[in-house]
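Presented below is the structure to which this report refers.
Numbering (the numbering used here), first residue to last: 63 to 270.
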């Protein structure tokens, strides 16, 4: 018997055997239940959780949620604190890099985002092909998917620098695509990005 207190002791009354399951952050691994068997050819114990209401699908260093307690954190920061004191791009930087940016880091981050807001003219022509009452999400899914054909280097997913470049491109271009989809739906000409404006201001300007 282990002396480790961070364990759960389970006694199987079918066999009389006792098992110790490791407890980490208040949870146990479902795979650890597989060792609980009636016979050697038994598949092992399974957990049954309809709707996965009590099942954590992954471990995350990005988000912590406790709905019952009203807690939502990004990288350890309460979401209300970020909503009140940080911009969208600051929070995006936090999610990606793990810490809020310094003033110099923020200036470089904004500069990088700003210089990727435009989309290829062929994407605009692709958008023109949708019916005027096409669902906006369908247009966005299609045009975001089409972006990959303009950046073939993005397929090298093992290169962290290339992955970061695609993240930057998506953050920068998504408002442009969303605004284009909206204006297409109401029959208006597309408004191109104005990078002298803020990130949010640029988006609203393209929508208007």
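Ideal placement from N, C-alpha and C gives every residue a C-beta, glycine not left out. Being a predicted model, the structure only gives us computed values, none of them experimental.
With a threshold of 16 other beta carbon atoms within 10 Å, residue 264 meets it and is buried. If you look at residue 72, you'll find it in the beta strand (DSSP E) that goes 69 to 74. The beta carbon of residue 85 sits closer than 8 Å to those of 68, 69 and 70, all from its chain and outside the five residues before and after it, given in chain order. Looking at the backbone, the Cα of residue 249 and that of residue 190 are separated by about 10 Å. Listed as beta-bridge partners of residue 86 by DSSP are 89. Rounded to the nearest whole angstrom, the CA to CA distance from residue 132 to residue 148 is 20 Å. With a cutoff of 8 Å on beta-carbon distance, residue 80 and residue 100 are scored as not near each other.
Under DSSP, residue 134 shares a beta bridge with 127. Residue 140 carries a strand assignment under DSSP once its states are collapsed to helix, strand and coil.
With a threshold of 16 other beta carbon atoms within 10 Å, residue 229 falls short and is exposed.
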